[in-house]
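Residue numbers (the numbering used here): 8 to 228. We put the CB at the ideal spot given by N, CA and C, even for glycine. Take a look at the structure set out below.
Have a look at this one:
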């Protein structure tokens, strides 16, 4: 169960970090200057093109080494970065690229009449963001973000290659000691499935909440 808790901690932290990066990235791509848009395009393209396992190895080892080199150059001593913090950062960085495109697409899906009406009423950008943009984009963004959450719960297994004690590594260690490989890996698969099923239930409720007041598919027909 400790491995499962570690996996959930990383998945939740990475998803939250990815949402923050994705929100900033989406608005940067849509409303930023040419340099900002180009940098974000490079970020999303590279992250989505390179296999996640390669990115995890690169960011985990090269990233921690770079941080310590900077600290040493500034006269500070090297630090040991916890596996939990490193795992959240690595997966959050990857999630951020995908979240950027999901949120950007959701914002573009908002009927332009709503934005124009808000501007006609003289709403400030911040007020328009809170009252129009975010509520209107949620129904379009939630399905994509939900998929990213489910991917994050499974991607935590990739951190086993760097020695972080999440569910997959804990399962492999327990199976290696007891030689009951089938039992332990079936149990791990069942736990991953249970997380996905519970997540789908909650996601369905959130999606229904975000679509309140909107016509259903049957009504639209």
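Counting only the same chain and skipping the five closest in sequence on each side, list residues whose C-beta sits under 7 Å from that of residue i.
i, result
"residue 190", "none"
"residue 77", "none"
"residue 108", "51"
"residue 182", "188, 191, 192"
CB residue i to CB residue j, shorter than 8 Å?
i, j, result
"residue 56", "residue 114", "no"
"residue 103", "residue 20", "no"
"residue 110", "residue 148", "yes"
"residue 214", "residue 13", "no"
"residue 94", "residue 171", "yes"
"residue 36", "residue 26", "no"
"residue 163", "residue 195", "no"
"residue 54", "residue 65", "no"
"residue 125", "residue 135", "yes"
Quick check on this structure: which residue in the options has the alpha carbon closest to the alpha carbon of residue i?
i, options, result
"residue 88", "31, 138, 97, 167", "97"
"residue 92", "204, 166, 179, 193", "166"
"residue 60", "194, 53, 168, 203", "168"
"residue 140", "30, 178, 206, 42", "30"
"residue 24", "219, 101, 68", "101"
"residue 90", "204, 202, 10, 125", "10"
"residue 154", "202, 50, 53", "202"
For residue i, does the three-state DSSP call read helix, strand or coil?
i, result
"residue 192", "helix"
"residue 111", "helix"
"residue 169", "helix"
"residue 45", "helix"
"residue 84", "coil"
"residue 117", "coil"
"residue 13", "helix"
"residue 36", "helix"
"residue 58", "coil"
"residue 90", "helix"
"residue 144", "helix"
On the premise that residue j lies in contact with residue i, defined as a C-beta separation below 8 Å, what is that separation, rounded to the nearest angstrom?
i, j, result
"residue 106", "residue 28", "7 Å"
"residue 18", "residue 160", "5 Å"
Among residues of its own chain, excluding the 5 on either side of residue i, which ones have a beta-carbon nearer than 8 Å to its beta-carbon?
i, result
"residue 75", "85, 86"
"residue 143", "117, 118, 121"
"residue 145", "113, 217"
"residue 231", "Nothing can be reported for residue 231: it is not among the residues displayed for the chain, which extend from 8 to 228."
Near residue i, what residues of its chain come up, given a Cβ to Cβ distance below 6 Å and the 5 sequence neighbours on each side ignored?
i, result
"residue 156", "22"
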